[in-house]
């Protein structure tokens, strides 16, 4: 992949603020990995010197030699502790930074990004892939460096000890390097494939759990199980393909690392018998040979972790490279003086789909209530999305008080529009948390006032913990009417000059209906209001009714005017008792 080296450098930049700890961790790790290099030399001193009754090169007796060995082991244990403590803390700091930046970036991405990717896939990037990617620094990257220093130091020692035996010891090394280069590339590809299939599993799982009510009501539990198992089988196949490669890598490594010790014992034994090599030297050399293949084996095992980490890094930057919305530095804040909205010759359609809105012009006077009416697919919801800039028109422009909304700061635009959606979204937190979505800095008194205006106060006071009552995921512990009133309390708290209301089609009991209606009347006062209307009671009270069909405005007026045209679309919809369609 062409972007991989660049992505790797970008990811490694997250370690830059912690370079001192990274260097310290690496130095301690190098010490930890290289201290054992001394132990075979101690063995040689003990066998050839102390135990043979001859003075060793160090001039130490057995007791002093063993005390020195114990000191070295104590230092080794301390380096193990410090290395793990510092490296793991460093890894978690990097995880925090990457996850923070990625989540911030996700919040700034356009709405079509979230329509393209399943929620489970996005969650996997933020959780699983970040954890996998940090291994490149926390485990793989530094461990590779430390293993290489160990290999270098041991190689130098054994060459100094006996260069002939060293040649025998390294006889299979070129083949080892070649095999792991070939298998490493294969494991990287397999890791990416396995991760993509895990994304599919996580996306499907999130959808099934979120839609468990529909699953059970339509009795499709069996079909969902089969869908889940189909994805699991594909993932298992990808993982098992990688396991085969990994197992082959380990098997070949075992073979290539076991042949040289046999050859060394064979040749070294003849040297001992010929008097050109001492027993202690052969034992030390053999111990070094065992030590040199430990880092080689670790490098083999780390190969698959390295492949996983590199693939995860690429997936992370696939999201990071998505262009955020509202990044024009020349944009000015939106200044709303009155609240007039104009759609001027607007055309819109999704990529690879037919045009939804074409040549639409509409003026909504400041402070007036406009009801959008029409069958499903007429373009009502798409018109609202253009106003909030969830999407931009393909042609034409949308203006507020004469200002093209493409030329104003996106945050400034959306902060002055209150949206109450048909598909109400409550977050898993308290009632207060959900009302505070309207304005995070609001005081408790302002929250109570917003709840009172939304007719939510009576039911909130009846809850076990009042404002601190947990509503459950997506507000499952509240009724439909209660959720609607919390959504309106948010809008009251936001106090925006423009209100967009996607009226709910759900049926409420008479009391809830009345409470919601009264709250809506208060909410719409002195605000420019656009309502995607489904109730006749809402439509007849609008200052203007806009009837849409196939992305065009086919009628405009007030109820008494429009209903008089017996053959019109509005009259037909009216006769159908307010079955005005749902979302476009």
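Numbering (this note's numbering), first residue to last: 62 to 645.
Even for Gly, the Cβ is constructed at its ideal location relative to N, Cα and C.
All figures in this text were calculated on a predicted structure; none of them were measured in a lab.
Item	Value
What residue does the beta strand (DSSP E) around residue 617 start on, and which one ends it?	613 to 618
Quick check on DSSP: helix, strand or coil for residue 555?	helix
For my contact list, residue 421 and residue 613 are in at a C-beta cut-off of 8 Å; report their separation, rounded to the angstrom.	6 Å
Using the Cα positions of residue 92 and residue 140, report the straight-line distance between them to the nearest angstrom.	7 Å
For residue 551, is the classification buried or exposed, using 16 other Cβ atoms within 10 angstroms of its Cβ as the cut-off for buried?	buried
Considering only the beta carbon of each residue, do residue 226 and residue 215 sit closer than 9 Å?	no
State the start and end residues of the unbroken alpha helix (DSSP H) segment that holds residue 522.	518 to 523
Let's test the definition: count the other Cβ atoms within 10 Å of the Cβ of residue 390 and tell me whether it reaches 16, buried, or not, exposed.	exposed
Spell out the partners DSSP gives residue 405 in its beta bridges.	458
In whole angstroms, what separates the C-alpha of residue 322 from that of residue 205?	23 Å
So residue 283 is in the alpha helix (DSSP H); what residue range does that whole segment cover?	282 to 334
Would you report the Cα separation of residue 558 and residue 400, rounded to the nearest angstrom?	7 Å
Runs of 3 residues minimum, wholly inside the region 411 to 438: which ones carry the beta strand (DSSP E) assignment?	416 to 425, 430 to 434
Do residue 560 and residue 535 have their CB atoms nearer than 9 Å?	no
Taking the continuous beta strand (DSSP E) assigned at residue 605, which residues delimit it?	605 to 610
Could you tell me which residues DSSP pairs with residue 537 in its beta bridges?	Bridge partners of residue 537: none, in fact.
Compute the distance between the beta-carbons of residue 373 and residue 190, then report whether it is under 9 Å.	yes
With distances taken from CA atoms, which of 490, 517, 515, 508 is nearest residue 55?	The structure shown does not extend to residue 55, since the chain spans only 62 to 645, so no value can be given for it.
What separation, rounded to the nearest whole angstrom, lies between the Cα atoms of residue 298 and residue 356?	30 Å
How far does the beta strand (DSSP E) with residue 593 in it extend, from its first residue to its last?	589 to 593
Could you spell out the range, first to last residue, of the alpha helix (DSSP H) harbouring residue 478?	Here residue 478 belongs to no alpha helix (DSSP H); instead the beta strand (DSSP E) covers 478 to 481.
Does the Cβ of residue 509 have 16 or more other Cβ atoms within 10 Å, making it buried, or fewer, making it exposed?	buried
Go ahead and label residue 263 buried or exposed: buried means 16 or more other beta carbons lie within 10 angstroms of its beta carbon, across all protein chains shown.	buried
Which whole-angstrom value is the C-beta distance of residue 471 and residue 591, which I expect to be below 8 Å?	So it is not a contact: roughly 19 Å between Cβ atoms.
Cα separation between residue 699 and residue 188?	It is not possible to answer for residue 699, since the shown part of the chain is limited to 62 through 645.
For residue 470, which beta-bridge partners are listed by DSSP?	None; residue 470 has no bridge partner.
Please report the residue range of the alpha helix (DSSP H) in which residue 486 lies.	Here residue 486 belongs to no alpha helix (DSSP H), and DSSP marks it neither H nor E.
For residue 251, count neighbouring Cβ atoms within 10 angstroms of its own Cβ and tell me buried if that reaches 16, exposed if not.	buried
Based on DSSP bridge pairs, tell me the residues matched to residue 393.	469
What separation, rounded to the nearest whole angstrom, lies between the Cα atoms of residue 334 and residue 344?	14 Å
Measuring CB to CB, does residue 630 end up less than 9 Å from residue 580?	no
Pick helix, strand or coil for residue 624, following the three-state DSSP scheme.	coil
Could you work out which residue in 134, 169, 337 is closest to residue 384 when comparing CA atoms only?	169
Just grab the DSSP bridge partners of residue 563 for me.	593
Look up residue 531 in the DSSP assignment and give the residues it is bridged to.	491
Can you look up residue 464 in the DSSP assignment and give me helix, strand or coil?	strand
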